[in-house]
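Step one of this worksheet: look at the structure below.
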Amino acid sequence: MAASLSTALDVHLSIPKSDTKRPIFLTKPTQRSHPIKINISCNSKSSENVAAESPNPETKTLSLSEQLKPLSSTTLSPTKNDRTPLLSKPKSTWVNPTKPRRSVLSLQRQKRSTYSYNPRVRDLKLFARKLNDCDNTEEAFLRAITEIPHQPTRENALLILNSLKFWQKSYFFFNWIKSQNLFPMETIFYNVTMKSLRFGRQFQLIEQLANEMVSNEIELDNITYSTIITCAKRCNLFDEAIEWFERMYKTGLMPDEVTYSAILDVYAKSGKVEEVLSLYERGVASGWKPDPIAFSVLGKMFGESGDYDGIRYVLQEMKSLGVQPNLVVYNTLLEAMGKAGKPGLARSLFDEMVESGLTPDEKTLTALIKIYGKARWAKDALELWERMRENKWPMDFILYNTLLNMCADIGLVEEAERLFEDMKLSDGGNVDKAIELFEEMSKLGVAVNVMGCTCLIQCLGKARRIDDLVRVFGVSIDRGVKPDDRLCGCLLSVVSLCVTSEDVDKVITCLQQANPKLVAFLKLIEDNCTGFENIKEEFRNVIKDTEVDARRPFCNCLIDICRNRNLNERAHELLYLGTLYGLYPGLHNKTLDEWSLDVRSLSVGAAQTALEEWMWTLAKIVRREEVLPQLFLAETGTGTHKFSQGLATAFASHVNKLAAPFRQSEGKAGCFVATREDLVSWVQARRSSITA
DNA sequence: CTAGGGTTAG
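Here's what the structure looks like:
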């Protein structure tokens, strides 16, 4: 059995580079579930495989497992105690190969020191912010540092160092602290500084600091090493990462599982699959119970090479070691299943994940949609999409793009358009993403329809991005979008939102192309000289040519535009005309006990106008001393309906402005109430103030 | 809040 595995590895090593899809495990995965056997075979491959990999043995860097062999028999202590200093046990120990292999990692994670609460935390944080805000130059830093509010004691310095955002600042501060000579620089100062440097990918500086630690005899611990290693990894300096890992053993420090999985990832990312497996197996043989992070590293590695047997191995290992996969592990394995070309297994894995109680995130869904798209599994893709909506699973832009690509792949043009529409409705804040999606759709050749265009324009209008709006409108028209009344209503509502006259003109230019008659009417109502009869006639003309569903929005927007320009009288005329032509059914409701005004389908401006109108009418009735009900009600709704957002607030402030006696109903949200007595005395007070 | 490891498009 060992021989067959060895052969498998040989075959793997000698296969040409182009054949990357070929599985590493030519044997059955069940044979992989015995770590020791693999271990043996991996170690026994040495000389032949080195030759196969590199014709010149002198230039070949030994693999870690090969290097660990002499290390474990020379430098590593023979006792179970990891902490035994290296130098106290010189080379003399010879390990009997029949004895169990020595541990390669410490089973205990390095403990962190605990902090005590720093009472000056506020001041120090504030100061750190000042440092963050100054220029990234040493001069600026040295000027700012003079304002340090407290003595830079060890604790104060640590707190500041931890709060600095830019690696330059951390580095300046670290050097400054060092120059003050107030206390010895401990490992933690180096570790925190290195973490910040890693953020800036400053491997050279990190290495410099590490060497400084060595020469100053400051202990490098697991946190130091893992930071160095992951920084090298992020800079794609895999050899350097491995070098530091080996230096760690040489100094007698045993990696804990964090450092160990960091180095596993280094080997995985540099494509050294055998080394990863060897290290993994030796870790397990040392009694390590790998955690989900380690399995995610393995899963990613097998995914990269599309190695289905490897993926199965990971799943099986987790099962036999009793490790429950977390979301990241599932995401990684799903992705890997896709690369291995196993859509069906990806689907079952996803089901298993959901059944285990985990909620998929954007990455999960992206992986799966991509898989279904590539496999042209339209039914599964659409079903998943439906589930995403039903369960309100999270969406992000990458997922949207993947959905779009999937639609384009499978040829689901209508669905792509629906998606486009959805996105605008669901997220008014993501304007950039909407624009980007628009460009993306254009590139993909997915036709933009009038609904998608309307949604995008609505989105841009709300964000006051008028130039983008004009551009999108132009592009859409060029692509053959035929503007309909909804699109015109949308443009009209943007006109009502515009603050500057330049913006108004830009939108009007669009509207002119879409509906010149509407623009003509707009000019007419803006003109103070236009008489009511003329308005009435032209209003009728515009409305009769407008789709029924778009009529009320038109009227609402026109009223809003009038109110924004202090054309209040015109606004009242339009509300009257709207009511006359049946655009506001159910606005007024009367029973014996209560009269109500239902403004829920009105825009803010229209609702204000309706309230004023109502108040005038009521005042007339009071003056005529006609019969009034006991209760008056104004309904604005709670703003959950998409047309009535902010209506209650706007209404409340308008009620205040009029000093009308309406109060928010305590029992019914989105409802304002007034009693007959209150209303009557309010009307009388107003009358006396007018006559006075 | 305060030092270290893993996952999404083209």
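Counting from 1 along the first sequence, just add 7 to a position and that's the residue number in the working numbering. Glycine included, every Cβ here is placed at the ideal spot set by N, Cα and C.
Same chain, Cβ closer than 8 Å to residue i, neighbours up to 5 away in sequence not counted
{"i": "Ser123", "result": "Glu162"}
{"i": "Asp228", "result": "Gln117, Thr194, Asn198 and Leu260"}
{"i": "Lys489", "result": "Val457"}
{"i": "Val549", "result": "Lys524, Leu525, Phe528 and Phe561"}
{"i": "Leu406", "result": "Glu369, Leu372, Thr373 and Ile376"}
{"i": "His157", "result": "Arg127, Asp130, Leu131 and Asn163"}
{"i": "Thr598", "result": "Pro636"}
Classification of residue i by the beta-carbon crowding that lies within 10 angstroms, buried from 16 upward
{"i": "Phe539", "result": "exposed"}
{"i": "Gly4", "result": "Because the chain here runs from 8 to 699, residue 4 falls outside it and cannot be looked at."}
{"i": "Gly364", "result": "exposed"}
{"i": "Leu587", "result": "exposed"}
{"i": "Asn522", "result": "buried"}
{"i": "Ser54", "result": "At Ser54 the pLDDT is 34, less than 50, meaning the model places this residue with poor confidence and gives no usable figure here."}
{"i": "Ser695", "result": "exposed"}
{"i": "Glu224", "result": "exposed"}
{"i": "Thr200", "result": "buried"}
{"i": "Phe190", "result": "exposed"}
{"i": "Asn563", "result": "buried"}
{"i": "Gly481", "result": "exposed"}
{"i": "Cys497", "result": "buried"}
{"i": "Ser483", "result": "buried"}
{"i": "Ala692", "result": "exposed"}
{"i": "Ala374", "result": "buried"}
{"i": "Pro332", "result": "buried"}
{"i": "Lys399", "result": "exposed"}
{"i": "Asp485", "result": "exposed"}
{"i": "Gln209", "result": "buried"}
{"i": "Gly313", "result": "buried"}
{"i": "Gly674", "result": "exposed"}
Residues near residue i in its chain [Cβ-Cβ closer than 6 Å; skip 5 each side]
{"i": "Pro636", "result": "Asp600, Glu601 and Trp602"}
{"i": "Met360", "result": "Tyr337"}
{"i": "Thr339", "result": "Ser303, Gly306 and Lys307"}
{"i": "Ala578", "result": "Ile566, Cys569, Arg570 and Thr616"}
{"i": "Ile230", "result": "Asn198"}
{"i": "Phe206", "result": "Trp174"}
{"i": "Tyr379", "result": "Asp387 and Ala388"}
{"i": "Ala676", "result": "Thr645"}
{"i": "Asn125", "result": "Glu162 and Leu166"}
{"i": "Asn596", "result": "Ser603"}
Any non-hydrogen atom of the ligand COA closer than 8 Å to residue i Cβ
{"i": "Asp142", "result": "No copy of the ligand COA occurs in the structure displayed, which carries no ligand at all."}
Cβ-based neighbour list, residue i, same chain, cut-off 7 Å, excluding 5 preceding and 5 following
{"i": "Thr553", "result": "Asp492 and Phe561"}
{"i": "Lys513", "result": "Ile473 and Val477"}
{"i": "Ser268", "result": "Ile300, Ala301 and Val304"}
{"i": "Glu580", "result": "Phe539 and Ile542"}
{"i": "Glu620", "result": "His579 and Leu582"}
{"i": "Gly351", "result": "none"}
{"i": "Asp685", "result": "Pro668"}
{"i": "Phe179", "result": "Glu145 and Phe148"}
CA nearest to the CA of residue i, picked from the options
{"i": "Lys346", "options": "Asp316, Leu584 and Arg119", "result": "Asp316"}
{"i": "Tyr583", "options": "Tyr267, Arg547 and Ile235", "result": "Arg547"}
{"i": "Arg221", "options": "Thr258, Thr237 and Val128", "result": "Just to set this straight, residue 221 is Val in the shown sequence, not Arg. Of the candidates Thr258, Thr237 and Val128, the one whose C-alpha sits nearest the C-alpha of Val221 is Thr258."}
{"i": "Leu166", "options": "Asp130, Arg631 and Ile484", "result": "Asp130"}
{"i": "Ser500", "options": "Tyr407, Ile442 and Arg559", "result": "Arg559"}
{"i": "Glu633", "options": "Lys381, Leu640 and Thr624", "result": "Thr624"}
{"i": "Ala275", "options": "Asp263, Asn243 and Arg693", "result": "Asn243"}
{"i": "Leu114", "options": "Phe357, Ala292 and Leu356", "result": "Ala292"}
{"i": "Val506", "options": "Glu544, Glu545 and Arg572", "result": "Arg572"}
{"i": "Arg607", "options": "Gln520, Ile550 and Cys678", "result": "Cys678"}
{"i": "Gly348", "options": "Ile417, Trp183 and Trp384", "result": "Trp384"}
{"i": "Leu574", "options": "Pro592, Asn535, Gly585 and Ser610", "result": "Asn535"}
{"i": "Ile249", "options": "Leu216, Glu226 and Leu286", "result": "Leu286"}
{"i": "Phe309", "options": "Gly290, Met344 and Glu397", "result": "Met344"}
{"i": "Gly653", "options": "Asp685, Arg631 and Leu609", "result": "Leu609"}
{"i": "Leu518", "options": "Thr537, Val555 and Thr461", "result": "Thr461"}
{"i": "Ala557", "options": "Thr537, Glu545, Gly585 and Glu544", "result": "Gly585"}
{"i": "Lys172", "options": "Asn188, Ser203 and Phe196", "result": "Ser203"}
Runs of alpha helix (DSSP H) lying entirely within the segment 340-380, each at least 4 residues, in chain order: 350-362, all fully within the segment 340-380.
Cβ contact (3+ pairs, closer than 8 Å) linking the segment 609-627 and the segment 661-676: Contact holds: three or more Cβ-Cβ distances are below 8 Å.
Can at least three beta-carbon pairs, one atom from the segment 526-537 and one from the segment 460-469, be found at a separation below 8 Å? Output reads no: the segment 460-469 does not touch the segment 526-537.
Write down every uninterrupted run of the alpha helix (DSSP H) in the segment 132-168 whose length is 4 residues or greater and which is fully enclosed by it, in chain order. Counting whole runs of 4 or more residues, the segment 132-168 contains the alpha helix (DSSP H) stretches 145-152.
Could you pull out every unbroken alpha helix (DSSP H) segment of at least 4 residues lying fully inside the segment 189-243, listed in chain order? You should have 194-206, 210-222 and 229-241.
Suppose only complete runs of 3+ residues qualify. What are the beta strand (DSSP E) ranges in the segment 247-299, listed by chain order? Counting only runs of 3 or more, we get nothing.
Would you mind listing the alpha helix (DSSP H) stretches within the segment 460-525 that are 4+ residues and don't spill past its ends, in chain order? Unbroken alpha helix (DSSP H) runs of no fewer than 4 residues, entirely contained in the segment 460-525, are found at 473-485, 492-504 and 508-521, following chain order.
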